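Residue numbers (the numbering used here), protein chains in the order written: chain A, 19 to 224; chain B, 19 to 224.
Built from N, CA and C at the ideal position, the CB exists for glycine as well.
Nothing here was measured: the structure is a model prediction, and the numbers come from that model.
Protein chains: 2
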Amino acid sequence: MPKIVDHEARRLELADAVGRVIAREGVNEVSIRSVAAEAGWSSGALRHYFTTRAELLAFACEQVVQRVTTRIAGLRHTGTVHQAVRDTLLETMPIDAQRHTEAAIAFAFLALGLSDPHLAEVQRTHFDGMYGLCLQLIEGLDSEGLLAPHTTSTELLARRLHALVDGLSIQRLAGHLPPESMITQLDAYLAEITLGTDETRDLVRR
Amino acid sequence: MPKIVDHEARRLELADAVGRVIAREGVNEVSIRSVAAEAGWSSGALRHYFTTRAELLAFACEQVVQRVTTRIAGLRHTGTVHQAVRDTLLETMPIDAQRHTEAAIAFAFLALGLSDPHLAEVQRTHFDGMYGLCLQLIEGLDSEGLLAPHTTSTELLARRLHALVDGLSIQRLAGHLPPESMITQLDAYLAEITLGTDETRDLVRR
DNA sequence: AAGAAAATAACACGACTGTGCGATAATGGC
DNA sequence: GCCATTATCGCACAGTCGTGTTATTTTCTT
Chain A
19 MPKIVDHEAR RLELADAVGR VIAREGVNEV SIRSVAAEAG WSSGALRHYF TTRAELLAFA
79 CEQVVQRVTT RIAGLRHTGT VHQAVRDTLL ETMPIDAQRH TEAAIAFAFL ALGLSDPHLA
139 EVQRTHFDGM YGLCLQLIEG LDSEGLLAPH TTSTELLARR LHALVDGLSI QRLAGHLPPE
199 SMITQLDAYL AEITLGTDET RDLVRR
Chain B
19 MPKIVDHEAR RLELADAVGR VIAREGVNEV SIRSVAAEAG WSSGALRHYF TTRAELLAFA
79 CEQVVQRVTT RIAGLRHTGT VHQAVRDTLL ETMPIDAQRH TEAAIAFAFL ALGLSDPHLA
139 EVQRTHFDGM YGLCLQLIEG LDSEGLLAPH TTSTELLARR LHALVDGLSI QRLAGHLPPE
199 SMITQLDAYL AEITLGTDET RDLVRR
């Protein structure tokens, strides 16, 4: 019988190499050859696990989504609900080098998904997942009575939060927004839509 | 004396061709050859007006910024201040085919600007311009007394508006958000940060 | 030990890219 | 008409891309 390798483990290893290439040279430099070289293999070897470039990228993106999802599921919230919401959202945003790479991979798919239908599907799943997360957080706040009085539906508030998080993330990725400002912006917005802080209580009492 | 052509007019014509290629095949398909073919010339002829690809793209982006700026400056606001703010922001967002292409060009630079320093500079100017516009709109509302009571600075509100507009635009460009929903989101947010509508009055009175 | 099958390597192919170069065509002042 | 100057064209170059194909190495079962 032949040599047996764990295909899934290899694919994960390759996905990591994709991340390293993106982190070092940008998403434009991702190719079969560059990823193979990064992983220390030949391009032919890589083709045993991914036959096309799109497959490689799609797997890398799915991997990012799953890793972020796992991290969020593993969060143990000790502080207030407000802080739990904040921590959850920050897990999806480029606040450090690792999450910067993850976000870069995710946003690179915005361009790739426009041409390849299968990549568009992966991207759609990611988008729906992010909206679902935002909706869950908003409705969680609402059911706890922590959401400030609002004139719109929770669905609309969730979509607004999603758009804001995406906007802040992409401005950070583009280098226009330092990480601290991004976090400050998120905190300020969460403070305004939630009760429990002096500032929002003042606002509502007025 | 030799044949004299209006270089600036030719460059504008080429920039238009770039827009058509992006609109039809996406920004990935923009190359010296594809743009030359779109404009009906040879690649050699194109090189008389743009020596490199980066030059061509940078000019196309600057052109977009200038066109949007001109349109905004030319707006004659007839309705409320609220509506003027809305119309101004919508000029920068992908609400129809033409503006979709413009936004696609602008956001394509997010990726390109990460590698090329000169493109990054063009992009930086665009970003600062958009923030300046948002700040101007927010402070305009504030000075007219139309801004709902807020606990944060106008600068922070302007950056938040900028991030929200960017987030909505990019979600629209990715095909995840229909144009109407994007506009609905913008209207809902503007309604919440401004006075003058029944809903916000109710909110504040509560 | 032998051999089958999987893993890997190495290379070839065609198509594309940006860019440069030389030849040709067109134009306007003399 | 002549000629300098510009515009335009077409092609060549070197590089990279994705993707196949073929050959070699490695490994496990019998």
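Neighbour-count burial assignment, residue i, 16 or more Cβ in a 10 Å radius
{"i": "A:D114", "result": "exposed"}
{"i": "B:H180", "result": "buried"}
{"i": "A:V2", "result": "Nothing can be reported for residue 2 of chain A, as the shown portion of chain A is limited to 19 through 224."}
{"i": "B:V141", "result": "Checking the displayed sequence, the identity of residue 141 of chain B turns out to be Gln instead of Val. The residue is buried, with at least 16 neighbouring Cβ atoms inside 10 Å."}
{"i": "A:H194", "result": "buried"}
{"i": "A:G163", "result": "exposed"}
{"i": "B:V23", "result": "exposed"}
{"i": "B:Q81", "result": "buried"}
{"i": "B:D220", "result": "No answer about B:D220 holds up, because its pLDDT of 48 lies below 50 and its placement is not dependable."}
{"i": "A:D184", "result": "buried"}
{"i": "A:Q3", "result": "The requested residue 3 of chain A does not occur in the structure, where chain A is confined to residues 19 to 224."}
{"i": "A:R94", "result": "exposed"}
{"i": "B:H25", "result": "exposed"}
Amino acids of chain B, ordered along the chain, whose beta-carbon sits closer than 7 Å to that of residue i
{"i": "A:T172", "result": "None at all; the shortest Cβ gap to chain B is about 13 Å."}
{"i": "A:R177", "result": "Q203"}
{"i": "A:Q81", "result": "The contacting residues do not exist; A:Q81 stays about 20 Å from chain B at best."}
Chain-ordered neighbours of residue i on chain A, where CB pairs are closer than 8 Å
{"i": "B:G185", "result": "H180, A181, L182, V183, D184, G185, L186, I188"}
{"i": "B:L145", "result": "A quick correction: the sequence has Phe, not Leu, at residue 145 of chain B. Chain A residues near B:F145: Q189, A192, H194."}
{"i": "B:Q101", "result": "The contacting residues do not exist; B:Q101 stays about 19 Å from chain A at best."}
For residue i, the first and last residue of its enclosing alpha helix (DSSP H)
{"i": "A:Y67", "result": "Here A:Y67 belongs to no alpha helix (DSSP H), and DSSP marks it neither H nor E."}
{"i": "B:D105", "result": "99 to 109"}
{"i": "A:R94", "result": "Run containing A:R94: none; DSSP gives neither H nor E here."}
{"i": "B:T143", "result": "135 to 161"}
{"i": "B:A121", "result": "115 to 130"}
{"i": "A:L186", "result": "172 to 191"}
{"i": "A:H194", "result": "It is not in any alpha helix (DSSP H) - A:H194 carries neither H nor E in the DSSP assignment."}
{"i": "B:S49", "result": "First-last for B:S49: undefined, no H or E at that position."}
Cβ shell of residue i (< 7 Å), same chain only, five flanking positions each side left out
{"i": "B:R28", "result": "Y67"}
Within chain A, the residues that residue i reaches when beta carbons sit closer than 9 Å
{"i": "B:G44", "result": "A129, L132, S133"}
{"i": "B:A124", "result": "Per Cβ cutoff of 9 Å: no residues; B:A124 is ~11 Å from chain A at best."}
{"i": "B:Q18", "result": "No answer is possible for residue 18 of chain B: the residues shown for chain B start at 19 and end at 224."}
Beta-carbon contacts of residue i that lie in its chain and below 8 Å, excluding the five residues immediately before and after
{"i": "B:A125", "result": "The displayed chain sequence assigns Phe, not Ala, to residue 125 of chain B. Cβ neighbours of B:F125 beyond the five flanking positions: S187, I188, L191."}
{"i": "A:E10", "result": "For chain A, the structure presents residues 19 to 224; residue 10 of chain A sits outside this window and is missing."}
{"i": "B:S60", "result": "A54"}
{"i": "B:F77", "result": "R29, L32, A33, F68"}
{"i": "A:V39", "result": "E47, V48, S52, V53, E56"}
Rounded Cβ spacing between residue i and residue j (contact assumed at less than 8 Å)
{"i": "A:I201", "j": "A:L75", "result": "Wrong, their Cβ atoms sit about 29 Å apart, outside the cutoff."}
{"i": "A:V211", "j": "A:A176", "result": "One detail in the question is off: residue 211 of chain A reads as Ile in this sequence, not Val. Incorrect: roughly 11 Å between the Cβ atoms, too far for contact."}
{"i": "B:L151", "j": "B:V103", "result": "Rounded, the Cβ-Cβ distance is 10 Å, inconsistent with contact."}
{"i": "B:A129", "j": "A:A209", "result": "So it is not a contact: roughly 33 Å between Cβ atoms."}
Listed by chain order, chain A residues near residue i by CB distance under 7 Å
{"i": "B:A206", "result": "T170, L174"}
Contact set for residue i: own chain, Cβ-Cβ below 6 Å, skip 5 residues either direction
{"i": "A:V37", "result": "Rather than Val, the amino acid found at residue 37 of chain A in this sequence is Gly. Correct list, in chain order: T119."}
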